[in-house]
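Reviewing the structure listed below.
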Amino acid sequence: MSLKEINTRIEAALAACGRPSDSAKLVAVSKVQPPDRIAAVLDQGQRLFGENRVQEASTRWPDLREKYDGVEVHLIGPLQTNKVNQALELFDAIQSVDRPKLAKKLADAAQTRGACPPLFLQVNTGEEPQKAGVVPADADAFIAECRQMDLPVLGLMAIPPADEEPALHFALLKKISDRNGLDELSMGMSADFESAIRLGATYVRVGSGVFGQRVYD
Ligand SMILES: *Cc1c(COP(=O)(O)O)cnc(C)c1O
Numbered sequence: 315m316s317l318k319e320i321n322t323r324i325e326a327a328l329a330a331c332g333r334p335s336d337s338a339k340l341v342a343v344s345k346v347q348p349p350d351r352i353a354a355v356l357d358q359g360q361r362l363f364g365e366n367r368v369q370e371a372s373t374r375w376p377d378l379r380e381k382y383d384g385v386e387v388h389l390i391g392p393l394q395t396n397k398v399n400q401a402l403e404l405f406d407a408i409q410s411v412d413r414p415k416l417a418k419k420l421a422d423a424a425q426t427r428g429a430c431p432p433l434f435l436q437v438n439t440g441e442e443p444q445k446a447g448v449v450p451a452d453a454d455a456f457i458a459e460c461r462q463m464d465l466p467v468l469g470l471m472a473i474p475p476a477d478e479e480p481a482l483h484f485a486l487l488k489k490i491s492d493r494n495g496l497d498e499l500s501m502g503m504s505a506d507f508e509s510a511i512r513l514g515a516t517y518v519r520v521g522s523g524v525f526g527q528r529v530y531d
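Numbering-wise (this note's numbering), the sequence shown opens with residue 315 and increments by one.
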């Protein structure tokens, strides 16, 4: 697959459900990808990227931001509280705010810095013990708690269980979002982003579909 093909498929999926062509953004998930592949995707015009590790992002994005204008990088993976300040330096949005303790740290850091990037709260829609995020039953309270701390909650993010029909999870996330008056939904990956768009995704996070398979060494 390629950036061009993914963009074409996003446009088609939006058109098929009567949504405006700019109403879902592609987050190109560059984790683990080698620098030449990332440069190729930047050269083709992509500017919004997702990384799931603070450490890995810190080794490449400061330099790439010097070389390319308008780059935006979102954190989509786990954030330890002791890395909050580093994350706030590195990322334009944090999509993986997954627990009250982290929200509190972000609120404290935001107060000190006088600014906070947009945040997405992560919901563990499949209630999987190994997965981050608040369970659906706790989502409304978590959203309210973050708002009370004046955090800029832009929307919700979820990663459905690998072995279940993702549409059910996308629909659940949409329902939680709607009843809390949130605007943005980050859901859908290489295998299921079209279904996510049908169910209201405004950000789709596509890694291998854009860059090719990740090669772990
Ligand atoms: C890796 C990752 C993706 C992208 O996965 P692909 O299947 O390669 O598209 C999306 N979201 C998160 C949170 C990820 O960690």
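Just so you know, even glycine gets a beta-carbon here, dropped at the ideal spot from N, CA and C.
For Ser-522, the enclosing alpha helix (DSSP H) begins and ends at 522-525.
Taking 8 Å as the upper bound for CB-CB distance, Arg-519 and Gly-364 are in contact here, some 5 Å apart. C-alpha of Val-387 to C-alpha of Gln-409: approximately 10 Å in a straight line. Listed by position along the chain, the residues with Cβ atoms less than 5 Å from a non-hydrogen atom of ligand 1 are Val-343, Asn-366, Ile-390, Met-503, Ser-504, Arg-519, Val-520, Gly-521, Ser-522.
Listed in chain order, the alpha helix (DSSP H) runs fully inside the segment 397-447 are 398-404, 414-427, counting runs of at least 4 residues. Residue state for Glu-365 is assigned as strand, using DSSP reduced to three classes. In the DSSP assignment, the residues bridged to Val-343 are Gly-364. Going by DSSP, Glu-498 is part of the beta strand (DSSP E) stretching over 498-500. Counting only residues of its own chain and dropping the five nearest sequence neighbours on each side, Arg-367 has a CB closer than 6 Å to the CB of Gly-391. By the 16-neighbour rule on beta-carbons within 10 angstroms, Thr-439 is buried.
Burial check for Gln-347: the Cβ neighbour count within 10 Å reaches 16 or more, so the residue is buried.
For Val-355, the three-state secondary structure derived from DSSP is helix. The continuous beta strand (DSSP E) containing Leu-468 extends over residues 467-471. For Glu-459, the enclosing alpha helix (DSSP H) covers residues 450-462.
Going by DSSP, Leu-317 is part of the alpha helix (DSSP H) stretching over 317-330.
Separation of Ala-451 and Phe-484 (C-alpha to C-alpha, rounded to the nearest whole angstrom) is 16 Å. Listed as beta-bridge partners of His-483 by DSSP are no residues whatsoever.
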